[in-house]
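Novice: When we follow the numbering used here, the leftmost residue of the sequence shown carries the number 7, and every step to the right adds one.
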Amino acid sequence: MDSTYEGLKNTAKKAIDLKGLFESWYEAQKMCKEEKLIANLNKTNISLESFCIDGEIIIDEWNSKSKDSENQPKVLYILREENGSHSDEYDEDDNRIIGHFYKNKDDFWIKEQLCGTKTAKYEKLPPLIKKLVNVQYILEQMKTVDDSENYFRFDDESCKVNIGHMAFMNLNKLGGDSSVHWPTFKAYISCFKELIKREIEILNPDIIVCCGTYGTLKLEVYEDKDMQERETYKIKDKNCIIYNLPHPAARGIKIVEYGKKEILNPKNDIDVVLKEKIKEKLKAIKKRIDNNDEKFSIDVLRNLLEDLEGYGE
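1) Kindly provide the ranges of any beta strand (DSSP E) runs that are 3 or more residues long and lie completely inside the segment 14-84, ordered along the chain.
2) By DSSP, does Asn250 sit in helix, in strand, or in coil?
3) Does the separation of the CB atoms of Ile169 and Leu131 fall below 8 Å?
4) Can you pull the DSSP bridge partners for Val186?
5) Give me whichever residues DSSP pairs with Cys216 in a beta bridge.
6) To which residues of the same chain is Lys136 closer than 6 Å at the C-beta, ignoring the five residues directly before and after it?
7) Relative to the C-alpha of Ile208, which residue among Asp299, Phe28, Leu14, Ser9 is closest?
8) Taking the beta strand (DSSP E) that Ile241 belongs to, which residues open and close that run?
9) Closest by CA to Lys285, which one among Lys266, Gly265, Gly258, Asp299?
10) Return the CA-CA distance between Asp322 and Ile214, expressed in angstroms with no decimal places.
11) With a threshold of 16 other CB atoms inside 10 Å of the CB of Gln234, please say whether the residue is buried or exposed.
12) Does the Cβ-Cβ distance between Leu225 and Glu87 come in under 8 Å?
13) Could you compute how far the alpha carbon of Tyr128 sits from the alpha carbon of Thr50?
14) Given 8 Å as the limit, is there contact between the segment 185-201 and the segment 33-45, that is, 3 or more CB pairs closer than that?
15) Is Pro254 buried or exposed, if buried means 16 or more other CB atoms sit within 10 Å of its CB?
16) DSSP state of Gly258, grouped into three classes?
17) Could you check what DSSP says for Phe114 in three-state terms: helix, strand or coil?
18) In three-state DSSP terms, what is Asn140?
19) If contacts are defined as beta-carbon pairs under 8 Å, then Cys246 and Pro211 qualify, I think. What distance do you get, rounded to the angstrom?
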C-alpha cells in the first residue's frame with residue numbers, strides 16, 4: 007500500500023466499508039501538509055491527530071436486507087463537525103488539542119446518546135438530538151400517512167423510531183470548538199471532499215438530511231449547482247432524496263417544529279419560511295443595535311449570523 011498522503015487518500019477512495027475508509031483517511035489526515043488547512047489549524051490549535059469516527063448507529067440493522075427493513079427509509083444526517091471544546095487532551099509533538107481520539111471507537115456522541123437501549127428514550131435526549139429524532143419520525147411516517155395534518159411530533163409514550171435506520175456524519179472529522187471556524191472548515195472540505203463522497207457512497211442512504219450543510223454539500227463537496235433539495239439526486243448508482251434543514255442547534259426553532267415545514271411543505275413554501283426566519287433574526291439584531299444594548303457583543307453577533315447561515319444553506 008502506498009503510504010504517502012496522496013496514496014492513502016487513493017486507498018480510502020477505494021474502501022468498501024467505513025472501517026477501511028476511516029483507517030486510510032485518518033492516516034492521510036495526519037500527513038496533510040495543505041497550506042490553507044495548516045495555516046488555519048495554527049489559529050485554532052487543533053491537532054491533525056483529532057479524528058471523529060461516525061456512521062451508522064446500529065450497523066447490522068443499517069445493512070439489513072430484510073423485508074421489514076426495506077419498508078423504512080435509511081436516513082443519513084449530515085452535520086458540520088463535533089464539538090471538541092471540552093477536551094483536555096493534547097498531542098505529544100505540537101501540544102495541540104485532540105478533540106476526538108481515532109482509536110476510541112466509542113467517541114461518537116450522537117450514537118452514545120441514542121444507544122442506551124435499542125429504541126431512543128426521547129425524554130432523556132439532548133434538545134439537538136430530539137430534533138433529529140422528530141425528523142426521523144416524520145420521514146418514517148411518510149410511506150403510510152398522506153395527510154400532513156396527521157404528522158405529529160415524536161412522543162415517547164406512544165411512538166418509536168428505528169434508530170437502526172439512522173446514520174450520522176460530520177463533514178469535518180477534526181472536530182472543532184463550540185462554534186465553527188469557517189476558514190478551517192472550508193479548507194478541510196477542500197482537502198477531503200472525495201473521501202466525504204466515498205463515505206456517503208458506502209452508507210448508501212435512501213434519504214439525506216442536510217443539517218445546515220446543504221450549501222456545502224452542493225457547492226463544495228459535489229460542486230454541482232444543479233443539485234436540488236427535496237428532489238432525487240444520483241449518488242453513485244442510486245437516487246437519493248435530499249432535504250435542506252437548518253442546523254439543529256440554530257436558535258429560535260422549537261424542537262417539535264424542526265424540519266417539519268421543510269420536509270412536508272411544497273418547495274416554493276420553503277423559501278417563504280426561510281425568508282420569514284431570516285427577517286426575524288435581522289429584526290432582533292436591529293433592535294439590539296437601536297437600543298444600544300451593552301451586552302450585544304461580537305460573540306452575540308457571530309452567533310446570530312451563524313444562525314442565519316444555518317437557515318440559508
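The C-beta atom is built at its ideal place from N, Cα and C for all residues, glycine as well.
Please read all numbers here as calculations on a predicted model, not as lab measurements.
Specialist: Answer, in terms of the structure:
1) The segment 14-84 contains no whole beta strand (DSSP E) run of 3 or more residues.
2) For this step, residue 250 is matched to residue 244 along the sequence shown. Here Asn250 sits in strand by DSSP.
3) One-based indexing of the sequence shown puts residue 169 at position 163. One-based indexing of the sequence shown puts residue 131 at position 125. Taking 8 Å as the cut-off, the Cβ atoms of Ile169 and Leu131 do not count as close.
4) Locating residue 186 in the sequence shown gives position 180, where the first residue counts as 1. For Val186, which the question treats as bridged, DSSP gives no partner whatsoever.
5) Along the sequence shown, one-based indexing puts residue 216 at 210. The partner list for Cys216 (beta bridge, DSSP) reads Ile84, Asn250.
6) Walking along the sequence shown from the start, residue 136 turns up at place 130. For Lys136, same chain residues with a beta-carbon under 6 Å away, outside a window of 5 residues either side, are Ile261 in chain order.
7) Against the sequence shown, residue 208 aligns to sequence position 202. Comparing Cα-Cα distances from Ile208 to each of Asp299, Phe28, Leu14, Ser9, the minimum goes to Phe28.
8) Residue mapping note: residue 241 aligns to position 235 of the sequence shown, counting from 1. Element bounds for Ile241: 238-241.
9) By one-based count along the sequence shown, residue 285 stands at place 279. It is Gly258.
10) With the chain represented from 7 up to 319, any question about residue 322 goes unanswered, as that position is not in the structure.
11) Taking the sequence shown and counting its residues from 1, one reaches residue 234 at position 228. Gln234 sits exposed, since fewer than 16 C-beta atoms from the chains shown fall within 10 Å of its C-beta.
12) As a first step, residue 225 is located in the sequence shown; it is residue number 219 there, counting from the start. As a first step, residue 87 is located in the sequence shown; it is residue number 81 there, counting from the start. No.
13) As a working mapping, residue 128 is identified with position 122 in the sequence shown. As a working mapping, residue 50 is identified with position 44 in the sequence shown. Near 35 Å, if we compare the C-alpha coordinates of Thr50 and Tyr128.
14) Between the segment 185-201 and the segment 33-45, the count of C-beta pairs closer than 8 Å reaches three or more; the two stretches touch.
15) In the sequence shown, counting from the first residue as 1, residue 254 sits at position 248. With 16 or more other Cβ atoms within 10 Å, it is buried.
16) Residue 258 sits at position 252 when you count from the first residue of the sequence shown. Coil.
17) Within the sequence shown, the letter at position 108 stands for residue 114. Assignment of Phe114 by DSSP, reduced to helix, strand and coil, places it in the coil class.
18) Here residue 140 corresponds to residue number 134 of the sequence shown, with the count starting at 1. The three-state reading of DSSP puts Asn140 in helix, counting H, G and I together.
19) If you number the sequence shown from 1, residue 246 lands on position 240. If you number the sequence shown from 1, residue 211 lands on position 205. A Cβ-Cβ distance of about 6 Å is found for the pair Cys246 and Pro211, placing them in contact under the 8 Å criterion.
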